[in-house]
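Mapping of the sequence shown onto this note's numbering: position 170 corresponds to residue 175, and the numbering continues sequentially without gaps. Below is one structure, written out as structure tokens; comments come after it.
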Amino acid sequence: MIKINLLPDKARTKGKKGSQESQTWLIVLLVLLLAEVAGLFVFHGFKEQELSRQTDKNLEIQKQIDQAKTQVADHDKVKEKLKQLRAREDAIAELQSARTGPTAMLLELARILTPGRGPSVNPDELNKLRRDNPLAIYNPSWDGRRLWLALFTEESRKIQLRGIARDGEDVSELARRLSLSSYFTDVKLMPAKKIDLLKAGPQMIEFNLEAMARY
Numbered sequence: 006m007i008k009i010n011l012l013p014d015k016a017r018t019k020g021k022k023g024s025q026e027s028q029t030w031l032i033v034l035l036v037l038l039l040a041e042v043a044g045l046f047v048f049h050g051f052k053e054q055e056l057s058r059q060t061d062k063n064l065e066i067q068k069q070i071d072q073a074k075t076q077v078a079d080h081d082k083v084k085e086k087l088k089q090l091r092a093r094e095d096a097i098a099e100l101q102s103a104r105t106g107p108t109a110m111l112l113e114l115a116r117i118l119t120p121g122r123g124p125s126v127n128p129d130e131l132n133k134l135r136r137d138n139p140l141a142i143y144n145p146s147w148d149g150r151r152l153w154l155a156l157f158t159e160e161s162r163k164i165q166l167r168g169i170a171r172d173g174e175d176v177s178e179l180a181r182r183l184s185l186s187s188y189f190t191d192v193k194l195m196p197a198k199k200i201d202l203l204k205a206g207p208q209m210i211e212f213n214l215e216a217m218a219r220y
């Protein structure tokens, strides 16, 4: 059987052209598909990098949180150790004060009663007091041998002095010197009374004085 192509050449050309256009569209679609796939790969890689950076940040933050928790936990331990050290230092200071304080106080009392000596007092305060109230200044020429101490007690820094003096001015001078001294405070002169030590001699003053030691 013999087939004869009765279509004109123009029809054949048109069919050929349509086939080429189909192939072109197919290539375009393939290119677009590949481009989309490549874009997805690029986007995925970008997101992975972003996720990795965020993960690193999260790990760093978590590390800081863990360090903060450790420091907070250590802070309580450090505070407790500091508290113990301060308590130990206070105890040592108290022992040293108890050992040296009474000695310094007794030396101060000896200075107060020594002729030509006086209480330990800040010179500026003494000058100010001399201007404001001269009567409150101690008498540098007072002779402490005009007064005798018969009793001296100290308990919890509370001091009691008992003795005999020639007259009331000697007792007032002692109280004045104790009040000016930086080693004593809250000096109180209790009521005194006259006594006769010797029948032929002058009357003496028996005094009682209280104060607080400052050391």
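A virtual CB, placed ideally from N, CA and C, is assigned to each residue, including glycine. As the structure is a computational prediction, the values presented were derived from the model and not from experiment.
- Shown here, L56 sits in a helix according to DSSP, grouped into three states.
- V36 has its alpha-carbon roughly 31 Å from the corresponding atom of S57.
- Residue pairing by DSSP places L38 opposite no residue, since no beta bridge is assigned to it.
- Under the DSSP assignment, N132 falls in the alpha helix (DSSP H) whose first and last residues are P128 to D137.
- W147 counts as buried, since no fewer than 16 other beta carbons sit within 10 angstroms of its beta carbon.
- For R181, the enclosing alpha helix (DSSP H) starts and ends at G173 to L185.
- Of the candidates L114, D61, G173 and Q54, G173 places its Cα closest to the Cα of E211.
- Per DSSP, L152 is one residue of the beta strand (DSSP E) stretching across L152 to E160.
- Y143 places its beta carbon less than 8 Å from that of L185.
- For T190, the uninterrupted beta strand (DSSP E) segment begins and ends at F189 to L194.
- Across the set E41, M217 and D201, the C-alpha of M217 shows the shortest separation from the C-alpha of S187.
- With a threshold of 16 other beta carbon atoms within 10 Å, V192 meets it and is buried.
- Excluding five sequence positions before and after P124, the CB atoms of its chain that fall closer than 6 Å to its own CB belong to I117, R182, L185 and S186, given in chain order.
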